[in-house]
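Engineer: Once you've had a glance at the structure underneath, I'll fire off some questions.
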Ligand SMILES: [Zn+2]
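Protein chains in written order, with the working numbering: chain A, 873 to 938; chain B, 2 to 251.
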């Protein structure tokens with residue numbers, strides 16, 4: 873199935889979890905937060921949250937500056 | 002209620018249906034702790050002083066450096082080397098002598114912060130590092146004090162509001178649980194002045210709205226600001242029931 877990650881399409885296996893998507897992307901995830909369809913998914917839910925066709929995933933880093 | 006001098010000073014608030022004399026009285030009774038007197042804290046503190054927030058507590062432990070002046074608009078070149086918090090206190094008293102300003106010129110530990118939280122009804126996190134942000138969040142959750150968090154780097158900004166008086170409020174730790182991770186700050190990544198100023202200004206706007214009782218669009222929300230496109234994205238922050246700071250098993 874296809875999902876959108878930060879505006880780019882990504883193909884992943886059916887019923888993939890957030891964690892499986894992140895493993896597939898092989899990106900450094902330090903200090904990252906993740907939202908599916910504009911709703912933040914807590915890191916403690918990444919291993920169980922199942923993605924669906926067409927989900928829009930936003931990945932962004934914590935910023936600390938000020 | 003308000004003196005003649007205050008009626009004159011705040012006349013542009015009194016004209017607003019959303020503020021008016023009652024709102025101005027609320028502002029006068031407002032007690033806000035602003036932690037960090039850099040690029041976020043400069044505009045936030047100056048706007049709240051101008052607006053007549055009656056009691057402002059400023060916290061920072063840095064001296065002004067020349068590289069701060071590109072974005073920290075409360076200061077001047079001749080101030081280099083002086084304590085930021087004392088410079089800003091003086092600046093705010095010059096803007097508005099009707100308010101009280103107190104300065105804390107040390108790095109607060111949790112015990113001191115918890116004591117300070119007993120004396121305010123709102124906190125603005127204007128700091129520049131993850132450790133401080135996590136410590137401030139945990140203390141505000143513990144003390145049930147509302148917290149408005151701002152952050153900026155490069156051309157990006159983040160804004161959040163956690164109303165810790167409400168049991169169902171999420172917290173900063175629900176969103177960013179790992180403080181030890183490498184995160185971006187102004188000295189390792191750079192930042193444009195108007196980007197950090199926009200976020201500090203939004204913190205002041207949310208603070209004023211909170212004090213006069215207007216609804217907020219950012220409670221349990223994360224707003225991401227893109228300085229390249231001027232677009233704002235909004236995300237819902239769900240309370241993490243397993244959060245070690247605000248969750249059920251803390
Ligand atoms: Zn939490």
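In this text, a Cβ means the ideal position worked out from N, Cα and C, and glycines have one as well.
1. The segment 226-245 of chain B: which residues have C-beta closer than 9 Å to a C-beta of chain A, in chain order?
2. Using beta carbons (cut-off 9 Å, strictly below), is residue 926(A) in contact with chain B?
3. Which partner residues of residue 33(B) appear in the DSSP bridge assignment?
4. Give every residue of the same chain whose Cβ lies closer than 7 Å to the Cβ of residue 223(B), excluding the five residues on either side of it in the sequence, and list them in chain order.
5. Output yes or no for whether 9 Å exceeds the beta carbon distance between residue 90(B) and residue 102(B).
6. Going by C-alpha distance, which of 45(B), 132(B), 198(B) and 113(B) is nearest residue 903(A)?
7. To which residues of the same chain is residue 234(B) closer than 6 Å at the C-beta, ignoring the five residues directly before and after it?
8. Taking only beta carbons into account, state which residues of the segment 904-927 of chain A come closer than 7 Å to chain B, listed in chain order.
9. Is the segment 20-33 of chain B touching the segment 53-63 of chain B, taking contact as three or more C-beta pairs under 8 Å?
10. Taking the beta strand (DSSP E) that residue 874(A) belongs to, which residues open and close that run?
11. Could you give the DSSP three-state label for residue 15(B): helix, strand or coil?
12. Taking any heavy atom of ligand 1 as the mark, which residues have a C-beta closer than 5 Å to it, listed down the chain?
13. For residue 168(B), does the count of other Cβ atoms within 10 angstroms reach 16, so buried, or fall short, so exposed?
Structural biologist: If we stick to the structure as given:
1. 234, 235, 236, 237, 238, 239, 240, 241, 242, 243 and 244
2. no
3. 57(B) and 123(B)
4. 159, 161, 176, 236 and 238
5. yes
6. 132(B)
7. 225
8. 905, 907, 910, 911, 912, 914, 915 and 916
9. yes
10. 874-877
11. helix
12. 172(B), 174(B), 175(B), 244(B), 246(B) and 247(B)
13. exposed
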